[in-house]
Amino acid sequence: MNYIKTDIEGPVIIEPRVFGDGRGYFFESFRADDFKANVADIDFVQDNESWSQRRGVLRGLHFQKGEHAQAKLVRVARGAVQDVAVDMREGSATFGKYISVILSAENHRMFYIPRGFAHGFAVLEDDTLFQYKCDNYYAPGAEGSYRWNDPAFGIGWLLEPGEIILSDKDAAAPFLSD
């Protein structure tokens with residue numbers, strides 16, 4: 061694995077070694093001992109999968125509060141997304157700053173997002189399958205979100221505003237100033 065630090069302390073882009081031949085390919089998508097030695101000493105307890113039918117679906121920006129906060133290891137098994145993590149850690153020198161990474165079935169990249177970040181992704185291809193591990197169980201009463209287009213973050217989404225497809229919940233998410 062190749063571990064790439066980002067401009068914000070904590071998140072890491074992970075590029076696996078892919079072994080391919082005429083039949084296809086193989087790669088390790090997760091190995092606990094290597095992850096703990098190179099990224100974070102945490103235990104993942106829940107795996108999730110999200111499928112999006114169409115390009116333009118935007119999910120986020122989501123987070124879990126307090127003791128229910130979650131670190132995530134995200135990847136794309138089919139299709140492509142623009143994945144975004146926004147630093148929401150109180151007192152952080154990079155509070156409100158974001159990292160954007162293209163994750164795709166083609167590039168096999170993964171993205172580690174520590175606790176204290178809001179997370180979202182924009183689907184760049186039809187029929188996209190997004191998978192992620194969490195280090196804490198989902199708690200409905202602890203979920204929070206911010207508006208995808210909050211000017212406080214200034215995220216440079218790769219979709220045009222007119223092609224974005226949101227859930228009712230994400231469309232009504234508060235701005236940071238709220």
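Its first residue numbered 61, the sequence shown is counted upward by one per residue in my numbering. Every residue gets a Cβ at the ideal spot worked out from N, C-alpha and C, and that includes glycine.
Buried or exposed (CB count within 10 angstroms, at least 16 for buried), residue i
i, result
"A145", "buried"
"Y192", "buried"
"N167", "exposed"
"I64", "exposed"
"L121", "buried"
"D94", "exposed"
"Q130", "buried"
"R83", "exposed"
"R169", "buried"
"F171", "buried"
"R207", "buried"
"F79", "exposed"
DSSP bridge partner residues for residue i (one or two, in chain order)
i, result
"N108", "Y192"
"N167", "Paired residue(s): none; N167 is not in a bridge."
"A137", "According to DSSP, which records beta bridges pairwise, A137 is partnered with nothing at all."
"Q142", "I162, A182"
"K132", "I173, C194"
"D187", "BP columns for D187 are empty, so no partner."
Beta-carbon contacts of residue i that lie in its chain and below 6 Å, excluding the five residues immediately before and after
i, result
"I173", "P71, K132, A145, H179"
"S164", "V136, A140"
Cβ separation of residue i and residue j, assumed to be a contact under 8 Å, to the nearest whole Å
i, j, result
"R77", "F87", "6 Å"
"G134", "N196", "Here the sequence assigns Val to residue 134, which means Gly is not the residue at that position. With a Cβ gap of about 15 Å, V134 and N196 do not count as contacting."
"D210", "L236", "5 Å"
"R115", "E220", "Not really, about 11 Å apart at Cβ, beyond 8 Å."
Spatial neighbours of residue i in its chain, beta-carbon cut-off 7 Å, leaving aside the 5 residues before and after
i, result
"S110", "R119, F190"
"I162", "A140, Q142"
"I68", "D147, T154, K157, I159"
"W181", "Reading off the sequence shown, one finds Phe at residue 181, where the question assumed Trp. Correct list, in chain order: R119, G120, V141, Q142, D143, V144, F190."
Own chain residues within Cβ distance below 8 Å of residue i, not counting five before or after
i, result
"F155", "D147, M148, R149"
"S205", "G120, L121, H122, F123, A178, K229, D230, A233, P234"
Along the chain, which unbroken stretches of the beta strand (DSSP E) at least 3 residues long are found entirely within the stretch 192–237?
203–205
Length-filtered (3 minimum) beta strand (DSSP E) runs lying within the stretch 68–124
72–75, 79–81, 84–86, 106–112, 118–124
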